[in-house]
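Let me begin by presenting the structure, written as structure tokens, before commenting on it.
Numbering (this note's numbering), first residue to last: 4 to 291.
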């Protein structure tokens, strides 16, 4: 089993689980790697599934049959089939020119996050939650709802052509709305580049981008705003049974799963390091 396949399984099902349902497996797979062509999904089901179950053993056998490539390439069923809108490409299949283009694309994304405009967007969002414990989901959600109510007030005032009634708090709310959109779009770009293939994933991983801290901030600070936008501003609902009002765009589910993978990797590295002889630990720390 390849390293990526291993971490995919651990993030979705844990270390102790040796079998999952096909629905759980394919839902996690599409969440992380993108929507599959129906023909490719059918090929994967035939390869991996037995009695509507996917086992670790069958997954290992399947990846070995496909040169340990995971996620599976477009050739899993037939050379004419395609998977996601951007089919994964292995390092061995890629020209040096293409590799450089992908490297440049990934590094441009990193630079974009570091520019002043993005910094200002993040400050606007963080400032709104100043004094709130980001681990208190209820309080963060309530604060986000306060922002959404201000946005509704602002739009009503403008709709009635009464600009003189606008206050500083309304303009602050508008800045936060612009920041919310910009940060969300940025992470959408990150996911698109991450899904291009093995090369871009390795590049982003090598520079530790976006990093676990930034990802947690995205989930803790921006997700409540998007939920408030959906429920308070748009007035959306998933249906009569949606009592908890926990809807959020799938991007957040991706980031949560990816963060889980990174946290599991860090945990395992620490456990491995603690089990090494002291001399080995010193050696590894000097080479980092």
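Glycine residues also receive a C-beta, built at the ideal position from the N, C-alpha and C atoms. Please read all numbers here as calculations on a predicted model, not as lab measurements.
Legend entry - Under 9 Å between C-beta atoms of residue 51 and residue 200: For this step, residue 51 is matched to residue 48 along the chain shown. For this step, residue 200 is matched to residue 197 along the chain shown. Cβ atoms of residue 51 and residue 200: not closer than 9 Å.
Inset, instruction - Give the C-beta separation of residue 148 and residue 235 to the nearest angstrom, bearing in mind that I take them to be a contact with Cβ-Cβ under 8 Å. - result: Counting from 1 along the chain shown, the entry for residue 148 is found at position 145. Counting from 1 along the chain shown, the entry for residue 235 is found at position 232. Residue 148 to residue 235, Cβ: 5 Å. Contact.
Legend entry - N-terminal and C-terminal residue of the alpha helix (DSSP H) that residue 58 is part of: Residue numbering aside, residue 58 sits at position 55 when the chain shown is read from its first letter. That residue, residue 58, is in no alpha helix (DSSP H); its beta strand (DSSP E) goes 56–58.
Inset, instruction - Leaving aside the five residues before and after residue 204 along the sequence, list all residues of the same chain whose C-beta is less than 7 Å from its C-beta, in chain order. - result: Position 201 of the chain shown, counted from the first residue, corresponds to residue 204. If we look at residue 204 and ignore the five residues flanking it on each side, its Cβ neighbours are 197.
Legend entry - Three-state secondary structure assigned by DSSP to residue 22: On the chain shown, residue 22 is found 19 positions in, with the first residue counted as 1. Residue state, collapsed to three classes: strand.
Legend entry - Range of the contiguous alpha helix (DSSP H) that encloses residue 192: Taking the first residue of the chain shown as position 1, residue 192 is located at position 189. Segment 171–197, the alpha helix (DSSP H) holding residue 192.
Inset, instruction - Tell me, please, which residues DSSP counts as bridged to residue 53. - result: In the chain shown, residue 53 corresponds to position 50, counting from 1. 56.
Inset, instruction - State yes or no: is the C-beta of residue 252 within less than 9 Å of the C-beta of residue 229? - result: Within the chain shown, numbered from 1, the residue matching residue 252 stands at position 249. Within the chain shown, numbered from 1, the residue matching residue 229 stands at position 226. Yes. Within cutoff.
Inset, instruction - Would you kindly report the start and end of the unbroken alpha helix (DSSP H) that includes residue 202? - result: Locating residue 202 in the chain shown gives position 199, where the first residue counts as 1. 201–209 is the extent of the alpha helix (DSSP H) around residue 202.
Inset, instruction - Report all residues from its chain with a CB closer than 8 Å to the CB of residue 226; omit the five preceding and five following residues, and keep chain order. - result: Counting from one through the chain shown, the residue named residue 226 turns up at place 223. Contacts found: 251, 255.
Inset, instruction - Measure the CB-CB distance between residue 267 and residue 13 and report whether it falls below 9 Å. - result: The residue you call residue 267 lines up with position 264 of the chain shown. The residue you call residue 13 lines up with position 10 of the chain shown. Taking 9 Å as the Cβ cut-off, residue 267 and residue 13 qualify as a contacting pair.
Legend entry - Start and end residues, alpha helix (DSSP H) containing residue 227: The residue you call residue 227 lines up with position 224 of the chain shown. Per DSSP, residue 227 belongs to the alpha helix (DSSP H) from 226–231.
Legend entry - Coarse secondary structure for residue 260, derived from DSSP in three states: Within the chain shown, the letter at position 257 stands for residue 260. Helix at residue 260.
Legend entry - Inter-stretch contact (C-beta, 8 Å, three-pair minimum) for the segment 120–133 and the segment 185–197: Three or more beta-carbon pairs drawn from the segment 120–133 and the segment 185–197 are found closer than 8 Å, and the two stretches are therefore classed as touching.
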